[in-house]
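I have placed the structure first, in the form of structure tokens, so that the comments after it can refer back to it.
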Amino acid sequence: MWRHSGHVWSPVCVRFSAALRARRPINFPPPSLPTSSSYPTPKFAPPTRPFASTSRKAGISTTRTTLTNDMDAKKGMHPVNTTLRLQNIRRLMREGDASVDAYVVPSEDQHSSEYLAECDSRRAYISGFNGSAGCAIVTLTEAYLFTDGRYFLQAEKQLDSNWTLMKQGLPDVPTWQEFLYKKLPKNSKIGVDATLIAAQDAESLHKHLEPNGSKLVSVTKNLVDEVWSDRPARRLNPVIHLDEKYSGQSSADKIAKVRGEMKKKKAKAMVVTMLDEVAWLFNLRGSDIDFNPVFFSYAVVTENKVSLFVNANQLDQGAHKYLDGVTDLHPYEEFLPTLNELAGGLQLDKENPIWVGDRASLAVTEAIGKDRYLIARSPLNDLKAIKNATELEGFRQSHIRDGVALARYFAWLEEQLENGVVLNESQGADQLRSFRSELDLFKGLSFETISSTGPNGAVIHYSPDPEDCAVIRKDQIYLCDSGGQYLDGTTDVTRTWHFGTPAKAEKNAFTRVLQGHIAIDTAVFPTGTTGFVIDSWARRHLWQDGLDYRHGTGHGVGHFLNVHEGPHGVGVRIAYNAVPLKAGMTLSNEPGYYEDGQYGVRLENIVLVKDVKLANNFANKGFLGFESVTMCPMHKKLMDMELLNVNEKKWVDDYHAQVWEKVSPLLKHDKRALEWLRRETAPL
């Protein structure tokens, strides 16, 4: 078991403030949150600047870019000058309690969240790179940023010359963990914040570092926080109760299921650290993190008691009433001391442990004590992944309404461009949000809209800067990836358009991606099949032309929760091979292709995993397939009809007929959108 080498961890410093940001992606009263009219009309902005030039070797890229004076790492795609920030953090690394040779700055917060509150965006602050995945390592002389293929282009544009980009997944490029024990000198002291590193990651690192004489050192104060002079305050947004007419299951029933899973493991308690799991368990929703209906909290479930650690002032009257008799409330900042006290009062050992999820932090396991906990995938993760009948119907209905906003937006955008109106990517995203905000049960966006034209479409997780983004042009491909949060579901949809005359290569790429999308949508497979197995079906047609893409084909989707959800998915991650797909799971189906510096293509629908009845049932295994719930046309102008076979053309026509049937009745008030939808869904 990894120890702290003399240093004692302390709970993460939590800074609370009643001041709420003016713009919140999730809309809960009180206080009332801004409607689309609260957003200023975007101004014209010039096209984005060229991509940063880089020097590359074996997947390692040292950026050489012109620095901007803008010190806000969240704005734009230009590098931030990190010289002073690195100087300050290295000074702390050399002195005081720290005295470390390297310092690890992960992406995650103390809940291992993918999306972060501004106050927890430490890796973005210290490096200038604000993609959702990556890890920064600062040594006394160098700085390294590790990320995967989704973010290579973005990182090249955002990192300044102080940083070396490590392109994980390419040959001869180590992971950040491998870098620590293979590349650093022997006897190195590596500083970490125990609340920000997963316990199982820390244990694995300790085993690999020990032969080199190196060790992890828990630094009491987070060094990034120490040098971040204008670090934002943590939000205190309202928390509401999600009515069971949307959730389909009571909190008491969910707690009973968790206890049933605990009994199988002989666990004395279950510690819940993931924010979406806490929200799901108690049928609560918040808005402490942009685009994610979650709130800062922990929970502990024992055989006869349930404890929720949250700022009680955030709970509205309905939430307080719903929780009465269900759980005890404790202040959020008392979680670690209370957990330590609970562990001390239980008869714990390896056979009767406290169960913690596989993303729980090192600080959590240290609070429990050695040989007194079990690290395993949280049962809430699995329970939450399989939606009940109410949730599944909510997915269907929310996607039909979402299709109305999409039809209105693409019809509007096409008309504006035809009339010669100059619009930039950010203006497009704002207009799409405005259309969504008019829909019933809308609570905000599910992620920041990727509105990208031409070369920006090749940046997989591109985000347009309102002050400096490209003009949407008729002669370039336009990729739009967007989604909404509704009381009855979460949407995520990508469509690729061309408002002029597409080139042959663009049509070829689009059609190959479409064929992969159809292959997943029509897949039928035996029960027990994993997303790892079927991922290649989406890539096969691209492979025939020597093409591919550097991201997964599908991710799980929460129900009015995080747009990215596990444990299942479709992709090449080995972890996906450990989680069979099951009826009731929700997934994205989003193959793509990206031509660096030119364009991007991605086609994304949300699908529900369902049972399929066939003429045969080999070994009584049962078979599964998918039901697509996204309702938006595929762009026929970009299809190469010579590449599509008869069955694929039939799929397009059948899908478009379904879109017309479900969406057109809701467009009677918008003649422009209705005529656009009629044209786009007409048979091939």
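Sequential numbering of the sequence shown, starting at 2, is according to our numbering. Even for Gly, the Cβ is constructed at its ideal location relative to N, Cα and C.
Please check the pair residue i and residue j, which I expect to be a contact at CB under 8 Å, by giving their CB distance rounded to whole angstroms.
| i | j | result |
| --- | --- | --- |
| S453 | G601 | 7 Å |
| H696 | E392 | Nothing about residue 696 can be reported from this structure: the residues present for the chain run from 2 to 685 only. |
| V272 | V301 | 6 Å |
| G287 | V240 | 4 Å |
| L324 | F296 | That belief does not hold up - the Cβ atoms of L324 and F296 are roughly 13 Å apart, past 8 Å. |
| V228 | N89 | 4 Å |
| V571 | D536 | 5 Å |
| L347 | A270 | 7 Å |
| I376 | Y116 | About 24 Å separates the two Cβ atoms, so there is no contact after all. |
| S114 | L276 | 6 Å |
| D594 | A504 | Per the sequence shown, residue 594 should be read as Tyr rather than Asp. At roughly 14 Å, the Cβ-Cβ gap does not stay under 8 Å, so Y594 and A504 are not in contact. |
Would you call residue i buried or exposed, if buried means 16 or more other Cβ atoms sit within 10 Å of its Cβ?
| i | result |
| --- | --- |
| E278 | buried |
| I355 | buried |
| T196 | buried |
| A620 | exposed |
| E507 | buried |
| V494 | buried |
| K255 | buried |
| D121 | buried |
| Q159 | buried |
| G404 | buried |
| M642 | exposed |
| E426 | buried |
| W661 | buried |
| H112 | buried |
| V423 | exposed |
| D161 | buried |
| W677 | buried |
| W544 | exposed |
| A23 | Low per-residue confidence applies at A23: pLDDT is 33, beneath 50, and the placement is therefore not dependable, though the value from the model is reported in the following sentence. Counting Cβ neighbours within 10 Å, A23 comes out exposed, since fewer than 16 surround it. |
| D110 | buried |
| Q659 | exposed |
| P172 | exposed |
| N163 | buried |
| Q486 | buried |
| R496 | buried |
Excluding five sequence neighbours on each side, which residues of the same chain lie with their C-beta closer than 6 Å to the C-beta of residue i?
| i | result |
| --- | --- |
| V327 | S252 |
| R409 | F436, D671, A674 |
| E385 | One point to set straight first is that residue 385 is Lys, not Glu, in the sequence displayed. Correct list, in chain order: W281. |
| D329 | S308 |
| E394 | none |
| L667 | V405 |
| G150 | G170, R551 |
| L644 | T512 |
| A683 | none |
| N563 | D277, N293 |
Quick one: what's got a C-beta closer than 7 Å to residue i's C-beta in the same chain, skipping five residues either side?
| i | result |
| --- | --- |
| V653 | M635, L685 |
| P441 | In the sequence as presented, Pro is not what sits at residue 441; that position holds Asp. If we look at D441 and ignore the five residues flanking it on each side, its Cβ neighbours are R402. |
| V664 | I401, G404, V405, A408, M632, L678 |
| G532 | G555, H569, G570, V571, G572, Y577, L582 |
Leaving aside the five residues before and after residue i along the sequence, list all residues of the same chain whose C-beta is less than 8 Å from its C-beta, in chain order.
| i | result |
| --- | --- |
| H462 | G132, S133, R151, Y152, Q155, I451 |
| K622 | P527, T528, G529 |
| W538 | G517, A520, I521, A524 |
I want to check one thing, is the minimum distance from the CB of residue i to the heavy atoms of the ligand NAP below 8 Å?
| i | result |
| --- | --- |
| G555 | This structure does not include the ligand NAP; it has no bound ligands of any sort. |
(request) Please determine if the segment 170 to 180 and the segment 334 to 345 are in contact, where contact requires at least 3 C-beta pairs separated by less than 8 Å. (result) Judged by pairs of C-beta atoms under 8 Å, the segment 170 to 180 does not touch the segment 334 to 345, as fewer than three such pairs exist.
(request) Could you pull out every unbroken alpha helix (DSSP H) segment of at least 4 residues lying fully inside the segment 618 to 658, listed in chain order? (result) DSSP runs (the alpha helix (DSSP H)) wholly in the segment 618 to 658: none.
(message) Quick check: the segment 540 to 550 against the segment 426 to 438, are at least 3 beta-carbon pairs closer than 8 Å?
(response) Judged by pairs of C-beta atoms under 8 Å, the segment 426 to 438 does not touch the segment 540 to 550, as fewer than three such pairs exist.
(message) For the structure I just gave you, are there three or more beta carbon pairs, one from the segment 220 to 229 and one from the segment 360 to 371, closer than 8 Å?
(response) By the criterion of at least three beta-carbon pairs nearer than 8 Å, the segment 220 to 229 is not in contact with the segment 360 to 371.
(message) Any contact between the segment 520 to 536 and the segment 616 to 633? By contact I mean 3 or more CB pairs, one from each, below 8 Å.
(response) Flag = yes, the segment 520 to 536 and the segment 616 to 633 touch.
(message) Is it the case that the segment 346 to 353 contacts the segment 372 to 379, given that we only count it when at least three CB pairs across the two stretches are under 8 Å?
(response) Under the 8 Å Cβ criterion, the segment 372 to 379 counts as touching the segment 346 to 353, having at least three qualifying pairs.
(request) Pair every Cβ in the segment 152 to 171 with every Cβ in the segment 132 to 142, then say whether three or more of these pairs are closer than 8 Å. (result) Yes, since at least three Cβ pairs between the segment 152 to 171 and the segment 132 to 142 fall closer than 8 Å, the two stretches touch.
(request) Could you say if the segment 466 to 480 and the segment 418 to 428 meet the contact criterion of at least three C-beta pairs nearer than 8 Å? (result) Pairwise C-beta distances place the segment 466 to 480 in contact with the segment 418 to 428, as three or more of them are shorter than 8 Å.
(request) Output the residue ranges of the alpha helix (DSSP H) runs that lie fully inside the segment 411 to 459 and measure 4 residues or longer, sorted by chain position. (result) Considered as a whole, the segment 411 to 459 harbours 426 to 438 as its complete alpha helix (DSSP H) runs of no fewer than 4 residues, in chain order.
(message) For the pair the segment 305 to 325 and the segment 112 to 127, tell me if three or more CB-CB distances fall below 8 Å.
(response) Under the Cβ criterion (8 Å, minimum of three pairs), the segment 305 to 325 does not count as touching the segment 112 to 127.
(request) Please go through the segment 299 to 377 and give each complete alpha helix (DSSP H) segment of 4 or more residues, from N-terminal end onward. (result) If we require 4 residues or more, the alpha helix (DSSP H) runs fully inside the segment 299 to 377 come out as 318 to 324, 336 to 346, 363 to 369.
(message) Check whether the segment 572 to 588 and the segment 597 to 612 touch, using three or more Cβ-Cβ pairs below 8 Å as the test.
(response) Yes, the segment 572 to 588 touches the segment 597 to 612.
(message) Could you tell me which whole beta strand (DSSP E) segments of length 3 or greater appear in the segment 507 to 569?
(response) Taking 3 residues as the shortest admissible run, the segment 507 to 569 contains the following complete beta strand (DSSP E) segments, listed from N- to C-terminal end: 555 to 557.
(request) Entirely within the segment 128 to 168 and at least 3 residues each: give me those beta strand (DSSP E) ranges in chain order. (result) For the beta strand (DSSP E) assignment, the uninterrupted runs of no fewer than 3 residues enclosed by the segment 128 to 168 are, from N- to C-terminal side, 136 to 140, 144 to 148, 165 to 168.
(request) Mind listing, in chain order, the continuous alpha helix (DSSP H) runs of no fewer than 4 residues lying wholly within the segment 201 to 232? (result) With a minimum length of 4 residues, the continuous alpha helix (DSSP H) runs that stay inside the segment 201 to 232 are 224 to 228.
(message) Extract the residue ranges of the beta strand (DSSP E) inside the segment 233 to 267, only unbroken runs of 3 or more that lie entirely within it.
(response) Here no run is fully enclosed.
(request) Could you pull out every unbroken beta strand (DSSP E) segment of at least 3 residues lying fully inside the segment 580 to 619, listed in chain order? (result) Taken in chain order, the whole beta strand (DSSP E) runs of length 3 or more contained in the segment 580 to 619 are 587 to 590, 593 to 596, 600 to 603, 606 to 613.
(request) Identify every run of the beta strand (DSSP E) within the segment 88 to 131, keeping only runs that are complete inside it and at least 3 residues long; order them along the chain. (result) If you keep only unbroken beta strand (DSSP E) runs of at least 3 residues inside the segment 88 to 131, you get 103 to 107.
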